[in-house]
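Residue numbers (the UniProt record's numbering): 1 to 196.
For every residue, glycine included, the Cβ atom is placed at its ideal position computed from N, Cα and C.
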């Protein structure tokens with residue numbers, strides 16, 4: 001465990017977000033397509049029936065083609081929805097073409113009345129966004145702690161395979177982390193798959 005001063009994480013977060021945003025246009029689409037291909041080739045993806053997938057924002061890899069591929073393969077896709085209390089995530093069913101509404105931070109979410117909800121323990125695989133990652137599976141997110149609280153709050157319940165989806169340029173030698181930060185099982189990039 002590496003105890004950190006919050007400024008260390010926020011400075012690294014700022015630099016890695018800027019690096020991620022510099023990848024645009026054709027280069028970003030090509031890298032996203034390569035990462036998507038690697039992810040859909042994973043055994044965990046092939047076996048999964050219920051998958052949590054983030055909606056892209058702030059230069060993250062575009063997951064809409066991944067959502068479409070999952071749907072075509074007969075998998076059920078669930079988008080994360082931030083719950084104010086206790087500050088963790090719920091997962092609502094989504095199909096391409098379904099209406100979405102603006103949720104917290106302006107992120108698109110399935111409307112509550114129309115979308116079945118699933119608990120984390122009911123997911124087989126969780127595709128997570130990240131700002132940065134390191135060779136030990138530590139993830140740096142946007143700083144809200146929503147994924148960490150969701151994953152930590154499950155105790156001994158069955159947990160999904162936790163997969164970070166990122167551009168290779170988001171890897172950092174050592175991500176500062178605290179005892180409550182949740183590690184990933186895999187990170188899939190446009191260049192490789194990291195396994196822990």
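Length of the line joining the Cα atoms of residue i and residue j
i	j	result
residue 67	residue 179	32 Å
residue 108	residue 101	5 Å
residue 91	residue 119	6 Å
residue 30	residue 81	28 Å
residue 152	residue 27	35 Å
residue 177	residue 188	20 Å
residue 198	residue 131	Only positions 1 to 196 of the chain appear in this structure, which leaves residue 198 out of reach.
residue 185	residue 98	30 Å
residue 18	residue 59	9 Å
residue 136	residue 12	17 Å
residue 149	residue 63	23 Å
residue 51	residue 8	33 Å
residue 173	residue 113	44 Å
residue 111	residue 181	29 Å
residue 1	residue 175	Its pLDDT being 47, under 50, residue 1 is placed unreliably by the model, and the measurement read from it follows with that caveat. Their backbone Cα atoms lie some 11 Å apart in a straight line.
residue 85	residue 10	24 Å
residue 32	residue 103	25 Å
Nearest neighbour of residue i, chosen from the options [CA to CA]
i	options	result
residue 88	12, 115, 175 and 144	144
residue 171	141, 159 and 150	141
residue 216	191, 49 and 72	Not covered by the structure: residue 216. The range shown for the chain is 1 to 196.
residue 117	134, 128 and 94	94
residue 190	158, 41, 76 and 105	41
residue 193	56, 10, 148 and 134	134
residue 39	16, 70, 113 and 173	70
residue 83	9, 147 and 183	147
residue 74	85, 112 and 96	96
residue 197	183, 110 and 10	For residue 197 there is no data in the structure shown, the boundaries of the chain being 1 and 196.
residue 76	86, 173 and 115	115
Residue j beta carbon less than 9 Å from that of residue i
i	j	result
residue 53	residue 78	yes
residue 34	residue 169	no
residue 56	residue 36	no
residue 121	residue 159	yes
residue 15	residue 167	no
Below-9 Å beta-carbon distance, residue i vs any chain C residue
i	result
residue 170	Absent from the structure: chain C. Only one protein chain is present.
Inspect the CB distances between the segment 147 to 167 and the segment 38 to 53 and report whether three or more fall short of 8 Å.
-> yes
List in chain order: all unbroken beta strand (DSSP E) runs of 3+ residues lying wholly within the segment 5 to 62.
-> 50 to 53
Residue ranges of each beta strand (DSSP E) within the segment 108 to 184, 3 or longer = 125 to 128 and 161 to 165
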